[in-house]
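In the working numbering, each residue carries its 1-based index in the sequence shown increased by 927. Data first, discussion second: the structure below is written as structure tokens.
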Amino acid sequence: MLLGCKHDADLHPLCYPGTVVGSSCTDGLLVDVDPAYPIGNPTSLAGGAFLGHNIVAVNYSTLAGVGNLATGQHLYFTCTNATNEPRGTVCLAYDPVKPAVPHLVLTTASATPCTAP
């Protein structure tokens, strides 16, 4: 079972904290999620560079309003589900991560921590 965006409310945080670790044309923005929320996979780039233990991919189009996110920047998000649907991206080079990572559909994304209402 993939823990993630739709699961037991006791395990669901107000939002998921993570750190941007890179990007991939085929996978989008790569985020290493806080290890308290195991929704990703241990992942390396195709060239062998290790990225992190809890990596998820986030499509760029779901990040409107967050601004340009650089490697090392913190990201806080909520999501409705995980999907491996095609993202309509045309890549000129083969650059996926190994192994495949969950692709998230975000409902909110922010560069600032979440706060309770």
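We put the CB at the ideal spot given by N, CA and C, even for glycine.
Excluding residues up to 5 positions away in sequence, F977, L978, V1024, K1025 lie with their Cβ nearer than 8 angstroms to the Cβ of S971 in the same chain.
Residue pairing by DSSP puts A1036 in a beta bridge opposite F1004.
Between V960 and G945 a beta carbon distance of about 4 angstroms is seen, short of the 8 angstroms cut, so the two are scored as contacting. D959 sits in a strand when the DSSP states are folded into three classes. Assignment of L941 by DSSP, reduced to helix, strand and coil, places it in the coil class. Looking at the DSSP output, G979 shares a beta bridge with T970. Here V947 is bridged, per DSSP, to V958.
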